[in-house]
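Let me begin by presenting the structure, written as structure tokens, before commenting on it.
Residue numbers (the working numbering): 5 to 391.
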């Protein structure tokens, strides 16, 4: 079981490190303040790839969070697991609207409550707390119905309906003149992804050999990629925006590889989870310093997530100050960075973004390593399971 869990920690760590690249780009890349990096009409392949590769982070982590919940359930009763998932889910929602929101905006008045990744994980855990009482076959059926069927609601809209926005549509809502509620991660698709991960956790039961598990994960991963290509090419169902043919094959390919993330469409989930399953299938026996490096982040994902947001934003304050825009421009509300007129012209070349990203990872690593060691040496402290 140790090796199996380490392979999951490795994949978690990989996507967490890649995730930081996108967040670094948000705060430092000059083009981030001009156009969408995945817009074929304006972007380039280096910029497109920098954004595109990070698409794999959220669905992979949500899926693996579900698998981790299954592992927790192997050591607890259904009632204890349900209680843990429910309370941890509530905790994550609270953290999202407090500590995480402040990390993104540095606004002491919290004028832009944003429901993003951590919120979606929290709500998904709360729902999973109820689902775990059902037979696994029923959970698998429900998760598949959500993942494969939620795009049926793409044409169902209810302007001004905050609840429907939280469930499926997303969007911004003016709470007052100065306060904007932003719903970036509608929860219905993410609930399906986490529940699906919970079902896949059973592949790590002792009844499955590593050879059998590798075969199953590889077959499902390849099938997901093929399904993505076929469904995306047909361009009828699976993504509300579809893909478009541009003047060049290069631009058309970009459009093809850019399914909707907010909320994650069926094509998006297939495109991202397919490769993730293949990696998971073929990394169980990997060892060495590089594996240990990435696995460290995977063992303390919550700690790392908070740490890297605050570090990146703090560095952005310094960058804005030294480039003459003033650090105050990085304390914002009412929108995202690209909506701020005071930052017009701000930003750096893409290679600078990569240098800062690597620096952030190297700065975070020793702190994550120390916290990981602390968790290992203090397993009796219940509160550490919430961090």
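Backbone N, C-alpha and C fix where the C-beta goes; we use that ideal spot for every residue, glycine too.
Quick caveat: nothing in here was measured; it's all calculated off a predicted structure.
Assignment of residue 157 by DSSP, reduced to helix, strand and coil, places it in the helix class.
Excluding residues up to 5 positions away in sequence, 310 lie with their Cβ nearer than 7 Å to the Cβ of residue 103 in the same chain. In this structure the segment 188–203 touches the segment 60–70; the number of beta carbon pairs closer than 8 Å is three or more. The way I'd put it, the segment 219–231 doesn't touch the segment 89–102; fewer than three beta-carbon pairs between them come closer than 8 Å.
Here residue 73 really is in contact with residue 132; their C-beta atoms are around 6 Å apart, less than 8 Å. Between the segment 356–363 and the segment 148–158 there are fewer than three C-beta pairs closer than 8 Å, too few to call the two in contact. A straight line joining the alpha-carbon of residue 34 with that of residue 214 spans about 46 Å. Residue 324 sits close to residue 333, with the two beta carbons spaced by under 8 Å. Per the C-alpha coordinates, the member of 110, 79, 101 and 141 positioned closest to residue 122 is 101.
The three-state secondary structure of residue 178, taken from DSSP, is strand. Put simply, the backbone Cα of residue 126 is about 35 Å away from that of residue 257. Inside the segment 293–322, DSSP marks whole alpha helix (DSSP H) runs of 4 or more residues at positions 293–303, from first to last along the chain. Between residue 274 and residue 189, the gap from beta carbon to beta carbon reaches 8 Å or more. Bounds of the alpha helix (DSSP H) holding residue 195 are 191–204.
In this structure, the straight-line span from the alpha carbon of residue 26 to that of residue 32 is close to 10 Å. Every unbroken stretch of the alpha helix (DSSP H) spanning 4 or more residues and falling wholly within the segment 87–150 is given here in chain order: 105–109 and 121–135. Taking C-beta atoms under 8 Å as the contact rule, residue 9 and residue 75 qualify, at a distance of about 7 Å.
Assignment of residue 67 by DSSP, reduced to helix, strand and coil, places it in the helix class. One thing to note: residue 229 has its Cβ within 8 Å of the Cβ of residue 278. Nearest to residue 179 by alpha-carbon distance, out of 321, 344 and 116, is 116.
Per DSSP, residue 185 is one residue of the beta strand (DSSP E) stretching across 184–187. Here the alpha carbon of residue 252 sits roughly 37 Å from the alpha carbon of residue 327. In the structure shown, residue 375 falls within a helical segment according to DSSP collapsed to helix, strand and coil.
The way I'd put it, the segment 298–305 does touch the segment 364–382; three or more beta-carbon pairs between them come closer than 8 Å.
Taking C-beta atoms as the reference points, residue 79 and residue 88 fail to come closer than 8 Å. Look at residue 336 here: in three-state DSSP terms it is coil, with no helix or strand label. With respect to the 8 Å criterion, residue 30 and residue 335 are not classified as neighbours on the basis of their beta carbons.
Between the C-alpha atoms of residue 46 and residue 54 there is a straight-line separation of about 14 Å.
Following the DSSP letters along the chain, one finds residue 22 inside the alpha helix (DSSP H) bounded by residues 6–32.
Per the C-alpha coordinates, the member of 219, 363, 158 and 113 positioned closest to residue 182 is 113. Taking a C-beta distance under 8 Å as the contact criterion, residue 207 and residue 220 qualify as a contact pair. Taking a C-beta distance under 8 Å as the contact criterion, residue 11 and residue 276 do not qualify as a contact pair.
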